[in-house]
Amino acid sequence: MNKTAKKYLKNSIITLGVLAGCFGVSLLLHELLQIKGPITAIFVFGVFLISLTTDGYIFGLAAAFISVFAVNFAFAFPYFSFNFAIPENFVSALVMIVIALMTSTLISRLKAWQEIRAEGERERMRANLLRAVSHDLRTPLTTIYGSSSAILDSGDNIDEERKKRIIAGIKEDSEWLIRMVENLLSVTRIDSGSVEIIKTPTVLYELVDTVILKFKKRYPDKQVEIDIPEELVMIPMDAMLIGQVIINLLENAVQHAQGMTKLEFRVFVLGDKAIFEVKDNGCGIEQERLDKIFDGYFALNDDRSDTGKRNAGIGLSVCSTIIKAHGGRIKAENAKDGGAIFRFSLNTTEDTDYDNEKQ
Amino acid sequence: MITKSNNKYKVLLVEDEENIRTFVCALLEANGYQAIPAKSFGEAKLLYLSYIPDLVILDLGLPDRDGSALLSEIREKDTTPVIILSARGDEGEKVRLLDMGANDYITKPFGSAELLARVRTALRNSRPSAEEGKLPGGKFTLGELVIDYDSRRVFIGEAEIKFTQTEYNIMAYLSANPGKVMTYSSIIRTVWRESSDENSIKKLQVNMANIRKKLGAKPGEVGYVVNELGVGYRMGD
Numbered sequence: 008m009n010k011t012a013k014k015y016l017k018n019s020i021i022t023l024g025v026l027a028g029c030f031g032v033s034l035l036l037h038e039l040l041q042i043k044g045p046i047t048a049i050f051v052f053g054v055f056l057i058s059l060t061t062d063g064y065i066f067g068l069a070a071a072f073i074s075v076f077a078v079n080f081a082f083a084f085p086y087f088s089f090n091f092a093i094p095e096n097f098v099s100a101l102v103m104i105v106i107a108l109m110t111s112t113l114i115s116r117l118k119a120w121q122e123i124r125a126e127g128e129r130e131r132m133r134a135n136l137l138r139a140v141s142h143d144l145r146t147p148l149t150t151i152y153g154s155s156s157a158i159l160d161s162g163d164n165i166d167e168e169r170k171k172r173i174i175a176g177i178k179e180d181s182e183w184l185i186r187m188v189e190n191l192l193s194v195t196r197i198d199s200g201s202v203e204i205i206k207t208p209t210v211l212y213e214l215v216d217t218v219i220l221k222f223k224k225r226y227p228d229k230q231v232e233i234d235i236p237e238e239l240v241m242i243p244m245d246a247m248l249i250g251q252v253i254i255n256l257l258e259n260a261v262q263h264a265q266g267m268t269k270l271e272f273r274v275f276v277l278g279d280k281a282i283f284e285v286k287d288n289g290c291g292i293e294q295e296r297l298d299k300i301f302d303g304y305f306a307l308n309d310d311r312s313d314t315g316k317r318n319a320g321i322g323l324s325v326c327s328t329i330i331k332a333h334g335g336r337i338k339a340e341n342a343k344d345g346g347a348i349f350r351f352s353l354n355t356t357e358d359t360d361y362d363n364e365k366q
Numbered sequence: 268m269i270t271k272s273n274n275k276y277k278v279l280l281v282e283d284e285e286n287i288r289t290f291v292c293a294l295l296e297a298n299g300y301q302a303i304p305a306k307s308f309g310e311a312k313l314l315y316l317s318y319i320p321d322l323v324i325l326d327l328g329l330p331d332r333d334g335s336a337l338l339s340e341i342r343e344k345d346t347t348p349v350i351i352l353s354a355r356g357d358e359g360e361k362v363r364l365l366d367m368g369a370n371d372y373i374t375k376p377f378g379s380a381e382l383l384a385r386v387r388t389a390l391r392n393s394r395p396s397a398e399e400g401k402l403p404g405g406k407f408t409l410g411e412l413v414i415d416y417d418s419r420r421v422f423i424g425e426a427e428i429k430f431t432q433t434e435y436n437i438m439a440y441l442s443a444n445p446g447k448v449m450t451y452s453s454i455i456r457t458v459w460r461e462s463s464d465e466n467s468i469k470k471l472q473v474n475m476a477n478i479r480k481k482l483g484a485k486p487g488e489v490g491y492v493v494n495e496l497g498v499g500y501r502m503g504d
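Next comes the structure, spelled out in structure tokens:
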């Protein structure tokens with residue numbers, strides 16, 4: 008369905024619902040308890056609520072006008088007829104319209120401000136990522152540059168055995184660079200402007216199959232236990248990006264779950280959500296890292312030395328960026344029986360309320 | 268084993284990056300192929316006409332013209348297998364090139380094992396009388412899998428797998444082009460005789476899910492049908 012049409016429908020329903028509520032309460036007060044003092048106040052509150060929850064000015068204003076007429080018609084003397092000659096009615100009308108206008112203005116400003124703040128946050132994340140990455144690119148580049156020039160310049164004096172080891176080092180560090188670049192490309196694919204990612208219905212089996220084959224190619228000696236639904240599950244997603252998330256999570260377990268002997272990957276469907284779960288039985292995650300684990304690299308690595316190739320922070324923050332862009336959720340926790348669990352969810356239905364959630 | 272009636276297979280490598288050209292040529296020569304390097308569209312066209320290579324490895328970003336132009340010129344008259352070297356991740360581009368007649372694509376960066384495997388597959392399938400694939404008796408075999416084209420039956424080892432007409436047609440089409448990625452649209456065109464849209468792709472994916480189940484495929488294990496996510500399917504590898 009058309010998004011704007013849907014928005015209008017939603018706003019209309021809110022407006023009518025709140026107004027009907029106000030009318031009902033007022034009617035009760037007036038007819039049963041013979042109280043009419045707070046009736047104007049009730050409608051003022053209704054107008055305030057509508058301005059607060061709907062988009063733009065129109066619905067708040069419309070509600071104000073309807074309320075003015077409703078109060079005037081049903082609850083102000085003379086009953087069940089219009090009379091704007093009484094100053095009291097006129098003043099209450101004016102108050103309601105002003106409240107509608109002011110609330111709507113305030114809300115629009117608040118939304119704009121939030122947008123600016125989110126933009127700033129994204130900008131900061133990007134800058135931090137760039138800084139962290141450039142720093143980490145140096146280590147493998149040193150290996151590659153140094154090793155290859157060593158072989159070129161003094162290859163004759165290096166024995167075959169050692170030469171092989173040096174070349175293997177070049178290969179290993181290039182592989183690390185490849186992974187890093189894949190992650191960066193994924194992020195830029197999302198970050199390029201405010202363009203929403205393109206979701207294609209993807210067969211879960213085919214995604215998992217492709218990802219696990221890729222993972223096994225990288226880590227031939229690692230076993231992954233896989234558990235996915237028997238039936239055909241279609242999930243709208245950017246398959247390449249979600250594949251990247253799964254690879255990153257599995258890789259994270261391989262690199263950081265010390266003492267891991269079992270790695271599980273599970274997907275199940277719960278209502279209109281598909282839950283993806285990567286679970287290991289390694290050392291788990293320290294409590295203070297847990298909250299910030301997806302925030303990126305920088306937060307975790309104040310104490311790091313230059314020796315480690317720790318792209319974990321980047322890998323996980325890329326995961327979080329991708330899942331958020333899909334309108335899903337991602338979470339890390341420690342399992343009760345030890346080890347870490349990373350879990351993310353995606354909507355299995357095409358239409359998400361992502362637009363509204365974003366605000 | 269690789270040599271073709273005492274001659275080496277001739278592989279035309281079209282790539283403007285000198286470093287890539289150097290190592291791919293070295294790799295090909297070391298594995299018994301004759302490598303013919305070209306660094307531009309013009310040079311490639313000239314070398315293609317004078318050498319008549321058995322295989323073309325084609326980079327898309329050439330200085331003078333886009334590599335896909337060479338692909339369409341080759342396809343105007345020849346069936347010479349063409350492997351595309353592509354940048355990562357653009358499924359739309361992959362589909363377009365495969366539908367234009369490319370046999371395969373390799374994503375940069377690639378390793379030596381991957382490149383050699385694709386080269387072998389592409390050359391194997393272009394041979395008129397392949398040891399694998401279609402046998403004289405109208406049969407296709409791949410590991411335990413046997414497809415009998417005459418009786419339209421499929422076996423794994425001794426056991427017959429019961430496929431529906433549609434499922435069989437998909438399998439037959441994929442097996443007629445072993446190792447080659449068949450795009451969703453080309454399968455749909457052949458099996459249903461209609462153009463592909465979201466619904467027909469879904470129809471194909473549903474049939475594929477049933478085929479997988481009947482073949483006993485498990486996710487993450489190499490099976491008979493390889494998923495090329497967002498692009499299509501490939502029989503064997």
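One line per chain: the protein sequences are A and B, in this order.
One rule links them: number in my numbering = place in the first sequence (from 1) + 7.
One rule links them: number in my numbering = place in the second sequence (from 1) + 267.
Ideal placement from N, C-alpha and C gives every residue a C-beta, glycine not left out.
Under the assumption that residue i contacts residue j (Cβ atoms under 8 Å), give the Cβ distance between them as a whole number of angstroms.
i: Leu390 of chain B; j: Asp321 of chain B; result: 6 Å
i: Asp73 of chain A; j: Leu26 of chain A; result: The sequence shown places Ile at residue 73 of chain A, not Asp. Rounded, the Cβ-Cβ distance is 6 Å, consistent with contact.
i: Met449 of chain B; j: Tyr440 of chain B; result: 7 Å
i: Ile329 of chain A; j: Ile197 of chain A; result: 7 Å
i: Glu213 of chain A; j: Asn494 of chain B; result: 4 Å
Quickly, what does DSSP pair residue i with across the bridge? List them, please.
i: Arg350 of chain A; result: A:Glu284 and A:Lys338
i: Gln243 of chain A; result: Note that residue 243 of chain A is Pro in the sequence shown here, rather than Gln. According to DSSP, Pro243 of chain A bridges with A:Pro208.
i: Lys277 of chain B; result: B:Gln301
i: Ala239 of chain B; result: This structure leaves residue 239 of chain B out entirely; chain B is present only between 268 and 504.
i: Ser353 of chain B; result: B:Thr374
i: Leu322 of chain B; result: B:Val278
i: Glu495 of chain B; result: B:Gly499
i: Val448 of chain B; result: B:Arg501
Name, please, each residue of chain B whose Cβ falls closer than 7 Å to the Cβ of residue i.
i: Pro147 of chain A; result: What Pro147 of chain A touches in chain B: nothing, since even the nearest Cβ is about 13 Å away.
i: Ile233 of chain A; result: Pro486 and Gly487
i: Ile219 of chain A; result: Pro486 and Gly487
i: Ile185 of chain A; result: Pro376
By the DSSP assignment, the beta strand (DSSP E) with residue i in it spans what residues?
i: Ala302 of chain B; result: Gln301 to Ala305
i: Leu277 of chain A; result: Leu270 to Leu277
i: Met502 of chain B; result: Gly499 to Met502
i: Asp371 of chain B; result: Asp371 to Thr374
i: Leu329 of chain B; result: Note, Leu329 of chain B: premise wrong, no beta strand (DSSP E); not H, not E.
Can you pull the chain B residues whose beta carbon is under 9 Å from the beta carbon of residue i, in chain order?
i: Val51 of chain A; result: None at all; the shortest Cβ gap to chain B is about 50 Å.
i: Val215 of chain A; result: Pro486 and Gly487
Closer than 8 Å by beta-carbon distance: list the chain A residues that pair up with residue i, in chain order.
i: Lys469 of chain B; result: Pro208 and Met241
i: Gly497 of chain B; result: Thr207, Thr209, Ala246 and Met247
i: Arg479 of chain B; result: Tyr212
i: Ala476 of chain B; result: Val210, Tyr212 and Leu239
Over what stretch of residues does the alpha helix (DSSP H) that includes residue i continue unbroken?
i: Met247 of chain A; result: Ala246 to His263
i: Ser453 of chain B; result: Tyr451 to Trp459
i: Glu295 of chain A; result: Gln294 to Leu297
i: Asp234 of chain A; result: Element bounds for Asp234 of chain A: not the alpha helix (DSSP H) but the beta strand (DSSP E), Glu232 to Asp234.
i: Ile46 of chain A; result: Ile46 to Thr60
i: Tyr440 of chain B; result: Gln432 to Ala443
i: Asp163 of chain A; result: No alpha helix (DSSP H) contains Asp163 of chain A, which DSSP labels as neither H nor E.
Nearest to residue i by CA position, among the options, is which residue?
i: Gly368 of chain B; options: B:Asn477, B:Lys481, B:Glu343 and B:Phe407; result: B:Glu343
i: Lys447 of chain B; options: B:Ile319, B:Met502 and B:Ile468; result: B:Met502
i: Asn392 of chain B; options: B:Ala305, B:Glu360, B:Val489 and B:Val349; result: B:Val349
i: Asn298 of chain B; options: B:Leu352, B:Lys275, B:Tyr315 and B:Ala443; result: B:Lys275
i: Val489 of chain B; options: A:Lys224, A:Leu248, A:Asp228 and A:Lys229; result: A:Lys224
i: Leu329 of chain B; options: B:Asn370, B:Ser339 and B:Ala311; result: B:Ala311
i: Lys343 of chain A; options: A:Ile292, A:Leu323 and A:Ile337; result: A:Ile292
i: Ile287 of chain B; options: B:Asp333, B:Asp345 and B:Ser353; result: B:Ser353
i: Ile174 of chain A; options: A:Asn190, A:Asn164, A:Ile151 and A:Leu184; result: A:Ile151
i: Thr61 of chain A; options: A:Gly335, A:Ser115 and A:Ala81; result: A:Ser115
i: Phe430 of chain B; options: B:Ala302, B:Asn477, B:Gly410 and B:Phe407; result: B:Asn477
i: Asn341 of chain A; options: A:Leu297, A:Thr355 and A:Phe351; result: A:Leu297
i: Ser58 of chain A; options: A:Leu35, A:Gly127, A:Ile21 and A:Ser181; result: A:Ile21
i: Leu323 of chain A; options: A:Ile205, A:Ile249, A:Leu148 and A:Val54; result: A:Ile249
Give me the chain A residues within the contact set of residue i, using Cβ-Cβ distance strictly less than 7 Å, ordered along the chain.
i: Val473 of chain B; result: Leu239
i: Ala389 of chain B; result: Per Cβ cutoff of 7 Å: no residues; Ala389 of chain B is ~20 Å from chain A at best.
i: Pro330 of chain B; result: Near Pro330 of chain B there are no residues of chain A at all, since even the closest Cβ is about 24 Å away, more than 7 Å.
i: Asn494 of chain B; result: Glu213, Asp216 and Thr217
Which residues in chain B have a C-beta closer than 8 Å to the C-beta of residue i? List them in chain order.
i: Lys223 of chain A; result: Gly487
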